[in-house]
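Comments concern the structure below.
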Amino acid sequence: MIYTNSDGGARGNPGPGAIGIVIRKDGTILKKDSAFIGEQITNNVAEYHALIRALELASEFTNKEVTCLIDSELVVKQLLGEYRVNHPAMRELFVKVQKIQDKFEKVIYLHVPRTDKFQKLADELVNEELNRRGYKKK
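For the sequence shown, the working numbering gives the first residue as 1168, with consecutive numbering after it.
Right under this line is the structure:
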């Protein structure tokens, strides 16, 4: 099974945002990715962008089952139908996730703590991307 760890963050909320993704199988990292996603991004919107990219990357390795590990409890609960998606930008991204997950036989969404070693790596990728673009932590 393929596992994804994705993280999105913004410095300022809203502020400059980036995403970090780790794709792995059986503890072996298959791919790492990061990207700058814009100047006025909220943390929650960044989390959705990260998940979308993670699903796109996971589809390069499987169309069967993928487990998506996310440190945003809000996003996980929205994807599981426990919370409604009220924010218009997040609703649009939520719908995009629904379409992309159709590429797989099964998608599992799990909340993980930020202390998870692969989640830490995804977070490091976010921070490296923002630092590279000159957005230093205050």
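In this text, a Cβ means the ideal position worked out from N, Cα and C, and glycines have one as well. All figures in this text were calculated on a predicted structure; none of them were measured in a lab.
Whole angstroms are fine: how far does the CA of residue j sit from the CA of residue i?
| i | j | result |
| --- | --- | --- |
| K1299 | P1181 | Reading off the sequence, residue 1299 comes out as Arg, not Lys. For R1299 and P1181, the distance between alpha carbons rounds to 19 Å. |
| N1294 | K1304 | 9 Å |
| S1239 | L1277 | 9 Å |
| G1179 | N1210 | 9 Å |
| E1249 | E1206 | 30 Å |
| V1233 | R1281 | 20 Å |
| G1301 | I1204 | 14 Å |
| Q1268 | L1247 | 13 Å |
| A1289 | S1173 | 6 Å |
| V1279 | R1251 | 20 Å |
| K1287 | H1254 | 27 Å |
If you compare alpha carbons, which of the options is closest to residue i?
| i | options | result |
| --- | --- | --- |
| V1242 | M1168, G1175, N1294 | G1175 |
| K1263 | D1283, L1236, H1216 | H1216 |
| S1226 | M1168, F1285, K1287 | M1168 |
| I1275 | F1228, V1189, Q1286, I1237 | I1237 |
| Q1265 | A1213, L1218, K1198 | L1218 |
| K1270 | N1253, K1287, F1228 | F1228 |
Please state whether the Cβ-Cβ distance between residue i and residue j is less than 8 Å.
| i | j | result |
| --- | --- | --- |
| G1184 | A1177 | yes |
| N1230 | E1296 | no |
| T1171 | A1221 | yes |
| F1285 | V1212 | no |
| K1244 | L1224 | no |
Quick one: using the 10 Å Cβ neighbour count with 16 as the cut-off for buried, is residue i buried or exposed?
| i | result |
| --- | --- |
| L1292 | buried |
Meets three-Cβ-pair contact criterion under 8 Å: the region 1192 to 1199 and the region 1249 to 1265: no
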